[in-house]
Amino acid sequence: MYLGKLLVQGFKSFASATELCFDPGITAIVGPNGCGKSNIVDALRWVIGEQRARVLRSDKMDNIIFNGTSKRRAVGLAEVQLTIMNTRGILPLEYSEVMLGRRLYRSGEAEYLLNGVPCRLRDITDLFTDTGMGAGAYSVIELKMIEEILSESTQDRRRLFEEASGITRYKKRRADALRKLDNMKSDLARVRDLKDEISARVRSLKRQATIAERYLRYKSELSSAQLTLLQFEYSWLAFEEEDLAEDEARIADLCMDLTSKLHAHDAQLEALKTRFVSEQRSAEANRQELVRHEQRVTELEGEIRLGQANLKMIARDLDRLLLEGETAASESAELSDDRESVSAALSAAMPQAAKAAQDLDEAISIRDTARENLGLLERERNSFQETTNDLSQQRAGIQRLVDRLQGRITHLRIEDDRLSAEQESGGETDAGAAKAVEAANHALEEAKQHLDAARSERTATETSNEALARRITHAEDAVRLAEKRLAAKLGEAKILRDLVDAYEFFPDAVRYLSAQTEDIEVTALGDLITCEPKYRAALAGALGAYGTCMIAKTEADAEAAAELLRLGDMGRAYFIVLENVQDRPLVNESPPNALRTLVRLREEDCAPIVDLLLQDVFLVESLEEARVMLKNGGGANDRYVTLKGEWIDARGMVYAGGDEEGGVYSYLVQRDNLQEASDACSKLEEQVEQTKNLLTEIRTAQRRLKLKEVVDQARIAEAKYAEASRTAQNCAQIHEIASNRLGELKHRKSQVEQEILDLESEVQSHGDELQESDEKLAEIQKHLKLVNDKIESSAMQLEAAQNTHIGAQAVAVKTASECDRLKGDMKRLEQHKVRLDKRVAQQRRDHATLMQAQKKVSAQVHELTRKRDEERARRKDLDNLSAQDKTREHESRVELEQVNDRLRKGRRALQEAKQEEADVRVKRSAVTARLEDMVHRASEEYGTKLTKISENTEIDEVALREEIKQKERKLQSMGNVNALALEEYEKENERLEFIETQFSDLEEAQSTLIRTIREINRTASKQFIDTFVLIRENFRELFCELFGEKAKCELDLTVPEDVLESPIAVTARPSGKRPVSIAQLSSGEKTLTAIALLFAIYLVKPSPFCFLDEVDAPLDDVNVEHFMRLIRRFSSDTQFVLVTHNKRTMEMADRLYGVTMQEEGVSSLVSVRFEEAMAMAG
-13 MYLGKLLVQG FKSFASATEL CFDPGITAIV GPNGCGKSNI VDALRWVIGE
37 QRARVLRSDK MDNIIFNGTS KRRAVGLAEV QLTIMNTRGI LPLEYSEVML
87 GRRLYRSGEA EYLLNGVPCR LRDITDLFTD TGMGAGAYSV IELKMIEEIL
137 SESTQDRRRL FEEASGITRY KKRRADALRK LDNMKSDLAR VRDLKDEISA
187 RVRSLKRQAT IAERYLRYKS ELSSAQLTLL QFEYSWLAFE EEDLAEDEAR
237 IADLCMDLTS KLHAHDAQLE ALKTRFVSEQ RSAEANRQEL VRHEQRVTEL
287 EGEIRLGQAN LKMIARDLDR LLLEGETAAS ESAELSDDRE SVSAALSAAM
337 PQAAKAAQDL DEAISIRDTA RENLGLLERE RNSFQETTND LSQQRAGIQR
387 LVDRLQGRIT HLRIEDDRLS AEQESGGETD AGAAKAVEAA NHALEEAKQH
437 LDAARSERTA TETSNEALAR RITHAEDAVR LAEKRLAAKL GEAKILRDLV
487 DAYEFFPDAV RYLSAQTEDI EVTALGDLIT CEPKYRAALA GALGAYGTCM
537 IAKTEADAEA AAELLRLGDM GRAYFIVLEN VQDRPLVNES PPNALRTLVR
587 LREEDCAPIV DLLLQDVFLV ESLEEARVML KNGGGANDRY VTLKGEWIDA
637 RGMVYAGGDE EGGVYSYLVQ RDNLQEASDA CSKLEEQVEQ TKNLLTEIRT
687 AQRRLKLKEV VDQARIAEAK YAEASRTAQN CAQIHEIASN RLGELKHRKS
737 QVEQEILDLE SEVQSHGDEL QESDEKLAEI QKHLKLVNDK IESSAMQLEA
787 AQNTHIGAQA VAVKTASECD RLKGDMKRLE QHKVRLDKRV AQQRRDHATL
837 MQAQKKVSAQ VHELTRKRDE ERARRKDLDN LSAQDKTREH ESRVELEQVN
887 DRLRKGRRAL QEAKQEEADV RVKRSAVTAR LEDMVHRASE EYGTKLTKIS
937 ENTEIDEVAL REEIKQKERK LQSMGNVNAL ALEEYEKENE RLEFIETQFS
987 DLEEAQSTLI RTIREINRTA SKQFIDTFVL IRENFRELFC ELFGEKAKCE
1037 LDLTVPEDVL ESPIAVTARP SGKRPVSIAQ LSSGEKTLTA IALLFAIYLV
1087 KPSPFCFLDE VDAPLDDVNV EHFMRLIRRF SSDTQFVLVT HNKRTMEMAD
1137 RLYGVTMQEE GVSSLVSVRF EEAMAMAG
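FYI, the numbering for the sequence shown is -13 to 1164, going by my numbering.
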């Protein structure tokens, strides 16, 4: 079995269709860096199922589609086809030739093909499982994978061993089985909880059925009494509504009177405010005048300080000018002396400079004459040389032209013969191509019609499927949410049921007796009574220790229970014998706050027990209220209990403190919470069932769409259309090329024949020109020799004149420089004298200006001081006016406050009247609403209309209410009664039997699955160990072959007890080295170690083919020899394809492929010779 060919189109840099044909043996792929060699390896990985974009050297999968260049447009499809010659039947197919295909469209759609038929990715991966050829197997090795195989992370290394041992499918089956086992355990736990819940519900329903009939009778009697009471309350409220209407009219009159008085006070207040504002304005004007006065004084003082500072600054400037005048006089004297000395030196230097300049001019004249003579002779020689060069180049050019023309004539005659032959064959090709175009266009039109129909059907089906899929998603979310809520509520109910059934908050004796229900007939008091949540603490506090007592029907039952406690050494318990208290007379009338009236009985026979325990117990708001009631008189046995559970009795005993937990109080709370949780679970179960039914209906509708069949048909139609389109384009291109080629051949042949005639004539004319050029060159050479002799004599004369010129120039430069320096010094001294005179004149002017400014500023300071003293004298009058303004303002404020106080009192009285009016209106509205509610209630609940009864009608309201309370207590003592209990009991019991059967089946399936997992582990472990031992022996042999006899290596399982998951450690020590870890080896040693490991695997289970991408890059020439010997050794069983730059590797390959980029950004395949491969790789 081996690779046949690889077709790449639109994949990465391979824009056009490129086909690589592979033969058994060793194939090398070469090319310069960046040309796209590794893209061939990526294409192979991709077509055999690679899904990781990172492995394909891309950020995302869309990047593998050719994205265009500056000259080419991007394509919309990447396609790779791989042909495998299945000659040895390694692939589980009956075909000897298997073609795999994969396509990716820019829209994101992808296709997989198996022998031209669309298939799934799963089909491709299953095809290669345990063959050593999958996307993650050892059939494709890159250089970076060498590091990964030998890295500290052993996952990649272990995957190679699993692939070689063939346990991949076993591990997959084991993972599926473990996942199923986890799901089954969850199902078992869920079914177990459901079974326990339904069992408890069946027991509860059985008890409820016996209570339902008694509950309905009590309810009818209660409705009659409630209607009579409602009639009485309606009449009483009607009379109250009339009284409230009279109060509302009276208060409205009072509000009008108060409003008129407030208006009068408001007018008085406005007048006072107007006068107060006027006084404030006058005071404000005086205050502003005082502020302006203070500002003027401040400004004058600032100006005085500024003038004094200016006087000080003028004095400092005068002192400075005096000092600068003395310095200038000293500088002027020194400057006069320097000018006299420089003038004398300059008079002596001037005659010497003139004599030196005259000598220099004579030397320059002699030098220029000699230079001019030499120049004339050199220009004459250059002229002869240029003429000689021109003639030589002209002759050589003519000779080259003649040679080219003769070569061109020979080439054109060969081309003329070839064009004649091609013209004959081109006519036949053009005729065949025209027929092929016609047939291809007809096939394309038919494929287009089929494609349009298939796409229309697919679009309609996908639209319907998406709508159904959204509905399925919503329904599944609803099911999951409901199931989560149900599971949470079921868990809560189970915990509560366990707490209630275990009597967690009762003493050990009570818990012990409750567990012995088969031997005795006693019941905890907490199971027989209940009450509203807000009375739980009061009831628990009133019962105290008796809240945990046991109820026995007879004395014998109580004695039997006591005997059990003695035998079990479980302590003591309170017992109430029912037959001893049943003869007690019941209390028919009780005050409204009697605690026993708030207790509901689950069994009516237990009413005497409640009377016994709570006969003289009353409910109050607080202990303070209880103490008041005891002082005002009460029974000797009275006890008053608060809602918090604290109590005080007539004996003076007090039970109080922090909140109490545990006991009967916590038991009542948990039991009521259990009932609420059970009701919520029933509702959630019904919701889950309804949602699942809806989900089933939607899924059924989705399956009817047959989307996969429609999509497959559309894909087949698209593939056929694409194939027909490519065929038509290829045929058209072939026809166009053939036609164009035929015309070009005719035109080219006529051009060639004419060009041959023209070239032969041109060769003849150029022969005469060559002879004429030779004669001219000989004559010019004679003249050139005479000119060279004259140039040599003139050069000697020029050298002597130049030496004389250099000496004269040095003397002239020296004397001229000295004169220039002295002139510069004289000029600088003159300029300094002018600047000094100007500075002295400016100092005199500044001194006169400062003296005048000093006098002026002194006068200004004196005047400002006089004005400041006058302003200070005016301050006393302004202060008197300000004091008078404050007195008047205070008197006005007091009068305003008095009027405002009268207004506030009046507004408060009006507000209180309005509030009273609003309260009366609210009370009246409430009464009216209650009347309307009573009328509506009577109509809805009792089907009658209420009317106001006469005031003389006598009704004993207390007795009537007591009768209603007694009947309500009876109903409340029965708790929540299910009227459909028997029907629900039969339904739940049938459901329980079904659940128990399911539970048994799940347990059996779990046992079977565990046995299967054990068998898979045993088989896979044995198979892996056998393969591992063989690979280890092969690795040792190959490592010694590569590194020498003294080299050592080892493979170990780091966790031997877990064969299927244990990491595999690699130890490698080349001869003469003792590295601590693999990481300390060189790159070449790592590469050879990985190669030894890879071929050790091949000896156990060879891969039909192997791609090695630049694996030999770190190896030197010697190691490459070792590497290629191994490759050659294994090439009989494995087909090798090497991507390489190494010359040694190329030399030992059976065939070479070259990859290049003749067009920028586009890879292409070329056939190459070995020398060309060297150039491309280098």
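All residues carry an ideal CB built from backbone N, CA and C; glycine is no exception.
Being a predicted model, the structure only gives us computed values, none of them experimental.
Comparing alpha-carbon positions, which option in the options lies nearest residue i?
i	options	result
Ser44	Arg58, Ala29, Ser56	Ala29
Asp597	Val606, Leu864, Arg586	Arg586
Glu431	Ala708, Tyr(-12), Ser137, Ser125	Ala708
Val799	Pro493, Leu1037, Ala14, Gln338	Gln338
Glu943	Ser(-1), Thr214, Arg88, Val880	Thr214
Arg1111	Asp1102, Cys241, Thr1131	Thr1131
Ala425	Gln715, Ala1006, Asp754	Gln715
Pro1042	Ile1011, Glu1071, Gly1058, Phe1029	Ile1011
Arg977	Gln274, Val563, Val188, Val749	Val188
Arg890	Glu228, Leu248, Glu232, Arg106	Leu248
Asp1038	Glu1031, Glu1047, Phe1025, Val1052	Val1052
Leu728	Val567, Tyr204, Gln409	Gln409
Can you check whether the CB of residue j is closer than 8 Å to the CB of residue i?
i	j	result
Ala1076	Ile12	no
Ile384	Leu756	yes
Ala663	Lys475	yes
Arg588	Ser959	yes
Ala523	Lys630	yes
Leu405	Ile742	no
Tyr144	Ile1083	According to the sequence displayed, residue 144 carries Arg and not Tyr. Against a cut-off of 8 Å, the Cβ pair of Ile1083 and Arg144 comes out as no contact.
Val1086	Ala150	yes
Leu1187	Ile458	Beyond the ends of the chain as shown, which are -13 and 1164, falls residue 1187; an answer cannot be given.
In this structure, does DSSP put residue i in helix, strand or coil?
i	result
Ser993	helix
Pro104	strand
Ser137	coil
Lys(-2)	coil
Cys1026	helix
Ile935	coil
Arg1111	helix
Ile132	helix
Thr535	Sequence inspection shows Cys at residue 535; the Thr mentioned does not correspond to that position. Coil, per DSSP.
Leu(-8)	strand
Arg92	coil
Cys21	coil
Tyr1139	strand
Arg1155	Low confidence applies to Arg1155: its pLDDT is 49, below 50, so where it sits in the model is not reliable enough to give any reading.
Ala764	helix
Thr583	helix
Gln1121	strand
Met170	helix
Thinking residue i and residue j are a contact (beta carbons under 8 Å), I'd like their distance in whole angstroms, please.
i	j	result
Thr928	Ser209	The amino acid occupying residue 928 in the given sequence is Tyr; Thr does not appear at that position. Indeed, because the Cβ distance is near 7 Å, the residues count as touching under 8 Å.
Arg31	Val126	6 Å
Gly530	Glu632	Their Cβ separation, rounded to whole angstroms, is 12 Å, which puts Gly530 and Glu632 out of contact at 8 Å.
Asp173	Leu988	6 Å
Val1123	Ile15	7 Å
Gln1121	Pro1100	Not a contact, Cβ separation roughly 24 Å.
Ala461	Ile684	6 Å
Arg178	Phe985	7 Å
| What runs of the beta strand (DSSP E), each 3 residues or longer, lie entirely inside the stretch 594 to 641? | 603 to 606, 625 to 628, 633 to 635
| Where are the alpha helix (DSSP H) runs, 4 residues long or more, that stay fully inside the stretch 421 to 485, in chain order? | none
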